[in-house]
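Student: Respectively, the protein sequence lines represent chains A and B.
All residue numbers for the first sequence refer to our numbering, where the first residue is 266 and numbers rise by one.
All residue numbers for the second sequence refer to our numbering, where the first residue is 266 and numbers rise by one.
From the three backbone atoms N, C-alpha and C, an ideal C-beta is built for every residue, glycine too.
One structure is given below, represented as structure tokens, and several questions about it will come after.
Protein chains: 2
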Amino acid sequence: MNRELQTIFEKLSFCLETRKFADLRIILLDLEPADIAGFMENNLDEKEQLVFFRLLPKELASDVFVNIETDTQERIIRAFTDKELKALIDDMFLDDTVDVIEEMPANVVKRILKNSDPENRKQINELLVYPDDSAGSIMTTEYVSLSATMSVESAFEKIRRTGVNKETIYTCYVTDRRKRLLGVVTVRDMLLANNQDLIADIMDTNVITLKTMEDKEQVALKFSKYDFIAMPVIDKEGCLVGIVTIDDAVDVIQEEATEDIQKMAAVLPSEKPYLKQSVWSIWKARAPWLLLLMISATFTSMVLSYYETNLALIAGGALYAFVPMLMGTAGNAGNQTSVTVIRALALGEVQFKNLFKVILKELLASLLLGLTVGIVCFLKLWLIDSLYNAVTIEIAVIVSSVLVLAIVMAKLVGCLLPLVAKKFKLDPAVVASPFMTTIVDVLSLIIYCTISIALLG
Amino acid sequence: MNRELQTIFEKLSFCLETRKFADLRIILLDLEPADIAGFMENNLDEKEQLVFFRLLPKELASDVFVNIETDTQERIIRAFTDKELKALIDDMFLDDTVDVIEEMPANVVKRILKNSDPENRKQINELLVYPDDSAGSIMTTEYVSLSATMSVESAFEKIRRTGVNKETIYTCYVTDRRKRLLGVVTVRDMLLANNQDLIADIMDTNVITLKTMEDKEQVALKFSKYDFIAMPVIDKEGCLVGIVTIDDAVDVIQEEATEDIQKMAAVLPSEKPYLKQSVWSIWKARAPWLLLLMISATFTSMVLSYYETNLALIAGGALYAFVPMLMGTAGNAGNQTSVTVIRALALGEVQFKNLFKVILKELLASLLLGLTVGIVCFLKLWLIDSLYNAVTIEIAVIVSSVLVLAIVMAKLVGCLLPLVAKKFKLDPAVVASPFMTTIVDVLSLIIYCTISIALLG
Numbered sequence: 266m267n268r269e270l271q272t273i274f275e276k277l278s279f280c281l282e283t284r285k286f287a288d289l290r291i292i293l294l295d296l297e298p299a300d301i302a303g304f305m306e307n308n309l310d311e312k313e314q315l316v317f318f319r320l321l322p323k324e325l326a327s328d329v330f331v332n333i334e335t336d337t338q339e340r341i342i343r344a345f346t347d348k349e350l351k352a353l354i355d356d357m358f359l360d361d362t363v364d365v366i367e368e369m370p371a372n373v374v375k376r377i378l379k380n381s382d383p384e385n386r387k388q389i390n391e392l393l394v395y396p397d398d399s400a401g402s403i404m405t406t407e408y409v410s411l412s413a414t415m416s417v418e419s420a421f422e423k424i425r426r427t428g429v430n431k432e433t434i435y436t437c438y439v440t441d442r443r444k445r446l447l448g449v450v451t452v453r454d455m456l457l458a459n460n461q462d463l464i465a466d467i468m469d470t471n472v473i474t475l476k477t478m479e480d481k482e483q484v485a486l487k488f489s490k491y492d493f494i495a496m497p498v499i500d501k502e503g504c505l506v507g508i509v510t511i512d513d514a515v516d517v518i519q520e521e522a523t524e525d526i527q528k529m530a531a532v533l534p535s536e537k538p539y540l541k542q543s544v545w546s547i548w549k550a551r552a553p554w555l556l557l558l559m560i561s562a563t564f565t566s567m568v569l570s571y572y573e574t575n576l577a578l579i580a581g582g583a584l585y586a587f588v589p590m591l592m593g594t595a596g597n598a599g600n601q602t603s604v605t606v607i608r609a610l611a612l613g614e615v616q617f618k619n620l621f622k623v624i625l626k627e628l629l630a631s632l633l634l635g636l637t638v639g640i641v642c643f644l645k646l647w648l649i650d651s652l653y654n655a656v657t658i659e660i661a662v663i664v665s666s667v668l669v670l671a672i673v674m675a676k677l678v679g680c681l682l683p684l685v686a687k688k689f690k691l692d693p694a695v696v697a698s699p700f701m702t703t704i705v706d707v708l709s710l711i712i713y714c715t716i717s718i719a720l721l722g
Numbered sequence: 266m267n268r269e270l271q272t273i274f275e276k277l278s279f280c281l282e283t284r285k286f287a288d289l290r291i292i293l294l295d296l297e298p299a300d301i302a303g304f305m306e307n308n309l310d311e312k313e314q315l316v317f318f319r320l321l322p323k324e325l326a327s328d329v330f331v332n333i334e335t336d337t338q339e340r341i342i343r344a345f346t347d348k349e350l351k352a353l354i355d356d357m358f359l360d361d362t363v364d365v366i367e368e369m370p371a372n373v374v375k376r377i378l379k380n381s382d383p384e385n386r387k388q389i390n391e392l393l394v395y396p397d398d399s400a401g402s403i404m405t406t407e408y409v410s411l412s413a414t415m416s417v418e419s420a421f422e423k424i425r426r427t428g429v430n431k432e433t434i435y436t437c438y439v440t441d442r443r444k445r446l447l448g449v450v451t452v453r454d455m456l457l458a459n460n461q462d463l464i465a466d467i468m469d470t471n472v473i474t475l476k477t478m479e480d481k482e483q484v485a486l487k488f489s490k491y492d493f494i495a496m497p498v499i500d501k502e503g504c505l506v507g508i509v510t511i512d513d514a515v516d517v518i519q520e521e522a523t524e525d526i527q528k529m530a531a532v533l534p535s536e537k538p539y540l541k542q543s544v545w546s547i548w549k550a551r552a553p554w555l556l557l558l559m560i561s562a563t564f565t566s567m568v569l570s571y572y573e574t575n576l577a578l579i580a581g582g583a584l585y586a587f588v589p590m591l592m593g594t595a596g597n598a599g600n601q602t603s604v605t606v607i608r609a610l611a612l613g614e615v616q617f618k619n620l621f622k623v624i625l626k627e628l629l630a631s632l633l634l635g636l637t638v639g640i641v642c643f644l645k646l647w648l649i650d651s652l653y654n655a656v657t658i659e660i661a662v663i664v665s666s667v668l669v670l671a672i673v674m675a676k677l678v679g680c681l682l683p684l685v686a687k688k689f690k691l692d693p694a695v696v697a698s699p700f701m702t703t704i705v706d707v708l709s710l711i712i713y714c715t716i717s718i719a720l721l722g
């Protein structure tokens with residue numbers, strides 16, 4: 266947080282303490298809703314939050330509300346009278362209301378719906394139908410629709426008349442009577458056209474559309490590909506049912522990246538910011554994977570136990586010392602590849618049909634990498650490790666050759682797992698990254714034990 | 266890629282082969298530049314790309330150009346005559362020209378600058394000064410500026426007159442004669458105001474601004490926080506020097522997430538899509554970290570060698586079998602925490618001043634997690650592993666207690682490393698994630714060896 270904002274926050278706290286509410290309102294009018302929400306969350310306790318929220322100028326309240334945490338939202342709604350609640354909801358955009366509703370318990374949802382006006386309630390109910398990961402769930406029904414026969418002048422009139430409550434007015438949607446999407450026209454097009462021009466003549470009829478059930482990750486990718494500020498969502502009949510605006514797409518991009526990162530680190534995704542997560546919810550997000558991976562590591566113990574007697578006989582047990590290095594390097598090598606491929610899949614840069622291209626690339630890269638790392642490892646064992654450990658030249662050769670094989674194997678597993686997961690419609694980030702380590706660990710141990718026992722045993 | 270697009274691409278290829286260039290142009294006019302670029306990159310060889318690019322309608326060429334890969338851009342520029350090049354550059358937005366220039370070799374840059382008109386060349390040179398990770402490097406100087414004394418009507422006239430070449434016209438910037446930023450006004454505000462209203466009366470004077478040298482990651486966070494479609498960039502004197510538009514912020518968000526993911530997986534970041542990376546560049550991105558981590562794993566070998574004689578004496582060497590499981594689980598536990606904290610730092614949810622809050626949270630969570638995993642591990646050792654290994658109840662108790670300690674230790678290292686890295690202005694993703702495993706490996710080995718030797722040796 267920058268210092269300027271910090272000073273303003275201190276002033277706000279002072280006004281609150283000294284009950285200078287008129288001064289407080291003046292400062293608030295100069296602030297962005299997101300910053301006011303930040304102040305509420307980080308500087309006030311639960312009781313103060315409520316007092317403060319009621320002090321907000323009416324035109325700010327709904328914008329601040331959509332920026333605060335779900336828990337705080339719920340407390341405010343519970344404390345509000347029906348009248349206060351109705352005023353708040355009437356001021357919010359429909360897609361934001363739907364976002365709030367999706368996080369609330371049933372009795373709160375009931376109160377929100379009861380206090381929205383009938384037309385809004387109908388639209389909210391329609392939006393609530395779409396699954397959480399679909400384009401439908403992030404769209405809004407508040408867009409400007411025009412008809413093709415309008416002149417630019419009358420289109421501007423319509424925007425002036427109805428624009429206040431629309432999420433964006435800059436992209437307008439041209440529909441026929443049955444609400445089928447005929448084209449889009451931007452305010453820019455209209456400003457650069459003549460007042461008498463017909464919308465039909467200046468609209469763009471080649472519209473990139475979204476489908477209601479399209480994965481919202483796909484939606485985000487389309488936004489970053491095409492650089493639009495809004496995209497229309499159509500149903501199976503080609504009728505316009507809503508629009509998605511870029512701000513919601515940006516949120517999806519951030520969330521999806523965070524989710525993928527969490528999954529790759531074997532944590533169940535959470536939507537709450539870290540500092541707001543309770544110890545209990547952290548435990549719930551981490552324990553399942555930690556347990557699963559600990560138990561799956563049983564296989565490495567089994568491999569080591571199986572070869573134990575033979576391994577102990579070789580070179581006075583000196584081979585044990587390299588197990589962590591071998592497993593670690595193989596794990597790192599596999600991780601490099603799996604994470605790269607998972608991200609490329611998420612960005613749509615790689616698809617399953619590229620399987621052989623990817624395998625070939627990884628095979629060549631892993632041979633190069635294996636040789637590089639293997640040679641350096643041999644030199645290290647021979648020149649450095651021999652100073653404190655009984656490393657003979659045979660051991661150095663075996664360990665570094667096993668390292669080359671382990672790296673090639675790890676890279677192949679690392680690229681195959683996410684691609685195959687994607688093919689079977691599983692989440693590459695979940696299937697590939699945490700499990701990969703266990704698979705690579707077991708395989709590299711088996712390679713190490715069999716080869717060293719065969720050659721030295 | 267959807268099927269519709271695939272069909273269109275097949276038609277394009279057909280038109281190219283049969284030299285039906287008129288038909289080709291008609292199809293092209295209905296396509297988005299990003300899709301035409303996709304067609305060029307994936308369906309045409311180098312020679313065809315050049316023929317095809319020359320066939321593009323003039324109004325599309327520059328939009329397609331900014332969407333293709335750097336290598337292809339370079340080939341096209343080299344093949345172009347000065348006249349062709351000048352036409353292309355004149356049509357491009359300044360920030361896009363700068364992006365292209367930054368990736369080109371010196372002689373190509375020289376040709377681009379030579380063929381831009383003098384006013385553009387001046388502005389390009391100004392933009393080229395800013396470092397790669399700054400707001401200045403992603404801004405454009407093509408914005409609409411208004412003066413406070415204008416009426417809404419004359420503001421619209423100015424937008425109509427100058428808007429064609431501006432990156433966005435929807436947010437306009439009000440400056441005084443010395444180019445100091447006085448406020449912003451949106452086309453929406455203007456449309457909802459009266460024609461005679463003065464800009465001074467409807468403009469918003471509380472502007473959230475960016476600084477030229479501000480980290481572009483911060484810029485991206487501000488966009489996702491405030492939901493603007495453009496933000497002004499000011500210099501130290503408060504003068505407006507450019508604007509950043511949301512489409513560039515979206516690219517930054519995607520790139521930064523990809524970079525962080527790559528760094529956490531011990532890969533040097535690359536801007537090229539995976540399939541376009543050569544085996545050689547993959548090697549260069551991965552070999553340094555793989556080597557460094559392999560060499561740093563020497564420490565685990567040293568620890569194991571040091572305790573070797575004593576460890577081998579205990580329980581017939583049965584303790585070795587649990588080393589991978591212990592190190593693996595500790596590594597996973599630490600990784601869960603470090604990755605969570607790194608992402609929270611990147612999103613601005615956590616700062617160094619939250620250090621003690623984070624440590625406390627992780628300490629409590631790690632105790633809970635340690636106990637959970639420790640108890641399950643004990644049961645597993647006692648009931649399952651004893652079937653195939655000489656696991657006595659003492660060994661089961663020691664291994665599972667060490668596991669609890671190792672998890673707590675790993676979680677503390679996992680949260681401390683990224684926070685301390687941030688404090689010292691190092692990149693948390695680089696310092697914390699790949700190194701964390703090595704540190705945690707060594708520490709958990711030391712805990713395991715000392716405790717088991719002390720109790721059983």
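1. By how many angstroms is the C-alpha of P322/B removed from the C-alpha of E432/A?
2. So is E422/A in contact with chain B if we call contact Cβ pairs under 8 angstroms?
3. Counting only beta-carbon atoms, is L556/B nearer than 8 angstroms to chain A?
4. Excluding the 5 residues flanking L350/A on each side, which residues of the same chain have their C-beta closer than 8 angstroms to its C-beta?
5. Considering G679/A, what are the terminal residues of the beta strand (DSSP E) in which it resides?
6. Bridge partners for P497/B per DSSP, in chain order?
7. So which residues on chain A does W647/B lean against when the C-beta distance must stay under 7 angstroms?
8. When you compare each of I704/B, E418/B and N307/B to T565/B by their alpha carbons, which one comes out closest?
9. Any beta carbon from chain A within less than 8 angstroms of Y539/B's own beta carbon?
10. Name the residue from P497/A, I560/A and T406/A whose alpha carbon lies nearest to the alpha carbon of N471/A.
11. Using a Cβ-Cβ cutoff of less than 6 angstroms, which residues in the same chain neighbour T510/A once the five nearest sequence positions on both sides are dropped?
12. Could you have a look at G503/A and say whether DSSP puts it in helix, strand or coil?
13. DSSP has K476/B in a bridge; who is on the other side?
14. Kindly indicate which residue of S402/B, I579/B, L463/B and K387/B has the alpha-carbon position closest to the one of L411/B.
15. Thinking C-alpha only, which one of M559/A, I711/A and V506/A is nearest P699/A?
16. Just grab the DSSP bridge partners of V450/A for me.
17. Could you check the C-alpha separation between V568/B and I711/B for me, to the nearest Å?
18. Buried or exposed: F621/B, going by 16 or more other Cβ atoms within 10 Å of its Cβ?
19. Could you tell me which residues DSSP pairs with L411/B in its beta bridges?
20. Determine, for D397/A, whether the minimum Cβ-Cβ distance to residues of chain B falls below 8 angstroms.
21. Express the C-alpha separation of D492/A and Q461/A in angstroms, rounding to a whole number.
22. Can you pull out the residues from the region 484–511 of chain A whose beta carbon lies closer than 8 angstroms to at least one beta carbon of chain B?
23. On a Cα-Cα basis, can you pick out the residue from L456/B, T477/B, V409/B and E482/B that is closest to V449/B?
24. Assuming S603/B and P683/B are in contact, meaning their beta carbons sit under 8 angstroms apart, how far apart are those beta carbons, in whole angstroms?
25. Flag P322/A as yes if its beta-carbon sits less than 8 angstroms from any beta-carbon of chain B, otherwise no.
26. To the nearest angstrom, how far is the alpha carbon of A609/B from that of Q527/A?
27. If the criterion is Cβ atoms closer than 8 angstroms, does the pair I672/A and V638/A meet it?
28. Ends of the alpha helix (DSSP H) at D336/B?
29. Which residues does DSSP list as the beta-bridge partners of L463/A?
30. May I ask which residues mark the beginning and end of the alpha helix (DSSP H) holding Q616/B?
31. Quick one, are the C-beta atoms of S402/B and K481/B less than 8 angstroms apart?
32. Tell me which residues share the same chain as A595/B and place their Cβ nearer than 6 angstroms to its Cβ, disregarding the 5 neighbours each side in the sequence.
33. Smallest Cα separation from V331/A: which of L691/A, E282/A and L359/A?
34. To the nearest angstrom, how far is the alpha carbon of M701/A from that of K687/A?
35. Would a check of beta-carbon distances place T474/A closer than 8 angstroms to chain B?
Tutor: The structure says:
1. Their backbone Cα atoms lie some 34 angstroms apart in a straight line.
2. Any Cβ of chain B closer than 8 angstroms to the Cβ of E422/A would place that residue at the interface, and such an atom is absent.
3. Closer than 8 angstroms to some Cβ of chain A, the Cβ of L556/B qualifies, so yes.
4. Sequence-distant partners of L350/A (beyond 5 residues in either direction) whose C-beta falls short of 8 angstroms from its own C-beta, in its chain, are I342, R376, I377 and N380.
5. Element bounds for G679/A: not the beta strand (DSSP E) but the alpha helix (DSSP H), I658 to K688.
6. Partner(s): I508/B.
7. The premise fails here: W647/B is roughly 13 angstroms from chain A at the closest Cβ pair, so nothing lies under 7 angstroms.
8. Residue I704/B is the option with its Cα nearest to T565/B.
9. Yes, contact with chain A.
10. It is P497/A whose Cα lies nearest to the Cα of N471/A.
11. Within the same chain, T510/A has close Cβ partners E432, T433 and A495.
12. If DSSP states are grouped into helix, strand and coil, G503/A belongs with coil.
13. Per DSSP, I499/B.
14. Nearest to L411/B by C-alpha distance, out of S402/B, I579/B, L463/B and K387/B, is L463/B.
15. Comparing Cα-Cα distances from P699/A to each of M559/A, I711/A and V506/A, the minimum goes to M559/A.
16. Looking at the DSSP output, V450/A bridges to C437/A.
17. Taking the straight line from one Cα to the other gives about 7 angstroms.
18. Result: exposed.
19. L411/B pairs with V439/B.
20. Cβ-Cβ to chain B under 8 angstroms: no for D397/A.
21. Using only the alpha carbons, I get a separation of about 29 angstroms.
22. So the close ones are F488, S489, K490, Y491, D492, I494 and I511.
23. It is V409/B.
24. Contact between S603/B and P683/B holds: CB atoms are separated by about 6 angstroms, below the 8 angstroms threshold.
25. P322/A does not count as touching chain B.
26. The alpha-carbon atoms of A609/B and Q527/A are separated by roughly 11 angstroms.
27. Cβ atoms of I672/A and V638/A: closer than 8 angstroms.
28. Counting along the chain, the alpha helix (DSSP H) containing D336/B begins and ends at T335 to A344.
29. Note: L463/A sits in a beta bridge opposite S416/A.
30. Per DSSP, Q616/B belongs to no alpha helix (DSSP H) and is neither H nor E.
31. In terms of Cβ geometry, S402/B and K481/B form a close pair [threshold 8 angstroms].
32. Around A595/B, the same chain offers A671, A675, V705 and S709 as residues with beta carbons nearer than 6 angstroms, after the five sequence neighbours per side are excluded.
33. Among L691/A, E282/A and L359/A, the Cα nearest to that of V331/A is on L359/A.
34. For M701/A and K687/A, the gap between their C-alpha atoms comes out near 15 angstroms.
35. Chain B, which has no Cβ nearer than 8 angstroms to the Cβ of T474/A, makes this no.
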